[in-house]
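Note sheet for the following structure.
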Amino acid sequence: MVNINKHYPGDQPVVTQDNLILEHYGLNELNFESIKSYRQKFQTAKPNHPWNGLEIKEFLYKIGAWGKLRNTSKEGLTLAGLLMFSEERIISEVLPQYFLEYRESTDGIPSEGWSNRFTSQDGTWSGNVYDFYFKTMQDLTGDITDSPKVDGELVHACLHEALVNALVHADYYGEGGIVIEKEKMIFRFSNPGLLRTPTEQALEGRISNLRNPNIFKMFILINFCKRAGSGLKKIESVWSIYNWDEPDLMQDTQLNRTILTLDRQSTIDKQQYRSNDTFVNEEYDYFDIEMSKKTDSINKNTNSYNKELDSYNKEFESVNNELDSVNKGINSINKETNSLNKEKNPCNKERNSVNKGVDSMNNEEPLFNMTDELEEDNQDVNLIPDDVELGMQEMAANIENDESLDHKLWTISEVARKKRRLSPRVLEGIILSLLEVKPLMLKELAHLLERTPDGLRNNYLGKLLNEDKIQLKYPNQINHPKQAYIIGR
7 MVNINKHYPG DQPVVTQDNL ILEHYGLNEL NFESIKSYRQ KFQTAKPNHP
57 WNGLEIKEFL YKIGAWGKLR NTSKEGLTLA GLLMFSEERI ISEVLPQYFL
107 EYRESTDGIP SEGWSNRFTS QDGTWSGNVY DFYFKTMQDL TGDITDSPKV
157 DGELVHACLH EALVNALVHA DYYGEGGIVI EKEKMIFRFS NPGLLRTPTE
207 QALEGRISNL RNPNIFKMFI LINFCKRAGS GLKKIESVWS IYNWDEPDLM
257 QDTQLNRTIL TLDRQSTIDK QQYRSNDTFV NEEYDYFDIE MSKKTDSINK
307 NTNSYNKELD SYNKEFESVN NELDSVNKGI NSINKETNSL NKEKNPCNKE
357 RNSVNKGVDS MNNEEPLFNM TDELEEDNQD VNLIPDDVEL GMQEMAANIE
407 NDESLDHKLW TISEVARKKR RLSPRVLEGI ILSLLEVKPL MLKELAHLLE
457 RTPDGLRNNY LGKLLNEDKI QLKYPNQINH PKQAYIIGR
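In our numbering, each residue's number is its place in the sequence shown (first place is 1) plus 6.
Listed below in structure tokens is the structure:
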């Protein structure tokens with residue numbers, strides 16, 4: 007629900023895309039299993055309808071899949087009929103950019119590969135729009151069931167609406183194809199072409215300007231759709247019922263793509279480790295918060311070891327707080343890169359462990375009090391040589407500094423995680439503020455901002471690079487494994 011909507015320049019305002027009659031494409035170009043399936047569903051939906059008795063060509067003409075040129079003897083499949091019922095190889099002859107893809111990553115880490123994926127080009131099925139709908143819905147909703155908190159049928163209906171919306175509004179002449187993504191708690195529907203109505207009108211559900219009305223008609227005839235324009239409004243209502251994040255309808259004017267993201271998490275779920283803190287409602291006031299005042303520490307806990315460092319840890323976000331424990335998530339003291347428990351570290355003895363008993367990072371006692379504890383247990387033995395103890399103190403200081411930076415980054419990016427509809431100017435400002443703290447890799451920025459890496463790269467980072475506001479850490483090695491973004495000099 008972002009960005010300014012513009013008509014795609016390639017669209018024709020009078021003749022709709024899928025009305026085109028392909029006089030050299032006939033019944034032989036159809037997948038008859040797809041036709042058979044559609045007619046069965048039509049008969050189930052309308053058992054007494056007179057079209058059930060028609061010959062195949064006449065039936066296709068009635069539903070908009072076959073066309074006849076007036077005052078001539080020419081006839082053939084319509085573009086809608088080709089898309090719905092033909093096969094990928096034949097469709098691609100007319101539409102070279104045609105591509106359908108479904109991909110799934112239920113472990114929540116898409117970068118490590120997709121656990122399930124199919125495309126219109128894999129040769130295991132017809133590759134047409136009609137069959138794509140059913141294959142996708144089967145996988146998209148396979149693990150969605152009723153629960154005490156969620157009505158599975160409502161969610162199923164919303165995913166159906168979102169998928170049909172992508173199929174009927176897609177510009178099949180456009181690049182990139184239709185891509186449906188499923189992650190652990192997120193669904194993403196991306197199609198070429200921008201909406202033909204302003205985003206606000208699309209969400210209100212009052213007006214719809216279809217790019218492919220014949221495809222839409224075919225879905226209506228088997229009771230898969232109601233009147234145009236109601237789908238997004240229905241989705242927004244259901245997501246609101248469960249207090250999930252507002253559906254994000256993005257119009258990417260650079261790539262000429264529409265992207266609908268449905269997140270089944272709520273802001274409360276994502277920020278459960280925080281108390282009922284005040285949300286920053288005014289976007290442009292964000293950069294005026296007291297975060298910028300070095301002398302005014304956000305950490306008001308007088309016992310916190312971070313107080314003298316101007317930590318951004320509020321009292322309820324202290325290291326000693328159960329919900330914001332340094333041992334949790336990305337801030338864990340046990341992260342591989344920060345761990346005091348590596349084998350080569352002499353601290354990793356059971357009795358000396360930083361995580362032992364009262365010395366745990368989660369304990370309400372001061373952070374590094376293990377030396378005193380050891381002295382009490384072993385008064386006659388000096389277990390920690392001076393050089394090792396000095397090294398431990400330096401390590402503790404480094405970890406303390408790293409954790410302070412992590413909390414600072416997390417605080418700076420908080421508004422982006424809470425509010426999906428930030429203006430580009432504000433999100434760019436947040437990115438610059440993050441990079442002023444330290445260089446960050448693309449995946450780190452994506453995690454902090456809860457945006458997709460591709461979206462950040464295409465919509466924000468590229469622009470900031472062109473404006474010399476940021477730079478690449480390794481400009482001469484674009485694919486460097488540790489490539490990161492730094493603030494421009």
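The beta carbon of each residue, even a glycine, is placed where N, CA and C say it ideally should be.
Closest residue to residue i among the options (Cα-Cα distance)
i: Ile27; options: Trp245, Ile62, Leu478, Thr84; result: Thr84
i: Tyr104; options: Asn262, Ile184, Asp149, Lys232; result: Ile184
i: Glu94; options: Asn134, Phe124, Ile62, Ala86; result: Asn134
i: Glu29; options: Cys164, Gln49, Val174, Trp72; result: Trp72
i: Phe48; options: Gln144, Phe230, Val170; result: Phe230
i: Glu434; options: Leu106, Asn465, Lys424, Trp416; result: Asn465
i: Arg217; options: Gly129, Asp24, Thr147; result: Asp24
i: Thr458; options: Asp474, Glu187, Cys164; result: Glu187
i: Leu227; options: Cys164, Leu146, His55; result: His55
i: Glu473; options: Thr151, Gly461, Arg495; result: Arg495
i: Gln257; options: Asn482, Gly461, Tyr480, Gln489; result: Gly461
i: Lys529; options: Pro53, Ile437, Ile62, Thr417; result: Beyond the ends of the chain as shown, which are 7 and 495, falls residue 529; an answer cannot be given.
i: Asn122; options: Val100, Asp145, Leu101, Leu106; result: Asp145
Residues that residue i bridges to, as DSSP identifies them
i: Leu100; result: Correcting the residue type first, residue 100 is Val in the shown sequence and not Leu. According to DSSP, which records beta bridges pairwise, Val100 is partnered with nothing at all.
i: Gln477; result: Ile492
i: Leu28; result: Leu83
i: Leu446; result: Tyr491
i: Tyr108; result: Phe124, Ile186
i: Asp258; result: Arg263
i: Leu268; result: Phe193
Residues near residue i by beta carbon distance below 7 Å, same chain, minus five either side
i: Glu349; result: Per-residue confidence for Glu349 stands at a pLDDT of 45, beneath the threshold of 50, marking its modelled position as unreliable; the derived number appears in the next sentence. Cβ neighbours of Glu349 beyond the five flanking positions: none.
i: Trp120; result: Arg109, Glu110, Ser111
i: Tyr136; result: Ser40, Tyr44, Met90, Phe91
i: Asn262; result: Tyr14, Gly180, Pro198, Gly199, Leu200
i: Leu66; result: Trp72, Gly87
i: Lys155; result: none
i: Pro445; result: Lys479, Ala490, Tyr491, Ile492
Delimiting residues of the alpha helix (DSSP H) encompassing residue i
i: Met143; result: 135-146
i: Arg423; result: 420-424
i: Pro198; result: Segment 192-198 is the beta strand (DSSP E) holding Pro198; no alpha helix (DSSP H) there.
i: Ile518; result: The requested residue 518 is not part of the displayed model; the chain covers only 7 to 495.
i: Ile41; result: 38-51
i: Cys231; result: Careful: Cys231 lies outside any alpha helix (DSSP H) and carries neither H nor E.
i: Lys223; result: 219-227
i: Pro459; result: 459-462
i: Val156; result: Counting along the chain, Val156 falls outside any alpha helix (DSSP H), and DSSP gives it neither H nor E.
Own chain residues within Cβ distance below 8 Å of residue i, not counting five before or after
i: Leu60; result: Lys68
i: Glu442; result: Ile493
Own chain, CB closer than 6 Å to residue i, minus 5 neighbours either side, in chain order
i: Asn361; result: Below a pLDDT of 50, predicted positions are generally treated as unreliable, and Asn361, at 43, falls in that range; the measurement from the model is reported next regardless. Hits under 6 Å: none found.
i: Pro253; result: Ile241, Glu242, Trp245, Leu268
i: Gln483; result: none
i: Leu455; result: Ser419, Ala422
i: Pro58; result: It is Asn, not Pro, that sits at residue 58 in the sequence shown. Only Gln49 meet the Cβ criterion.
Where the beta strand (DSSP E) through residue i begins and ends
i: His74; result: With the sequence shown as reference, residue 74 is identified as Lys, and His is not the correct amino acid for it. Counting along the chain, the beta strand (DSSP E) containing Lys74 begins and ends at 72-74.
is_contact[residue i, chain B] using C-beta, thresh 8 Å
i: Gln144; result: Among the chains in the structure shown there is no chain B, since it carries only a single protein chain.
Does the stretch 442-458 come close enough to the stretch 468-475 that 3 or more CB-CB pairs lie under 8 Å? no
Can we say the stretch 258-269 touches the stretch 191-204, given the rule of at least three CB pairs closer than 8 Å? yes
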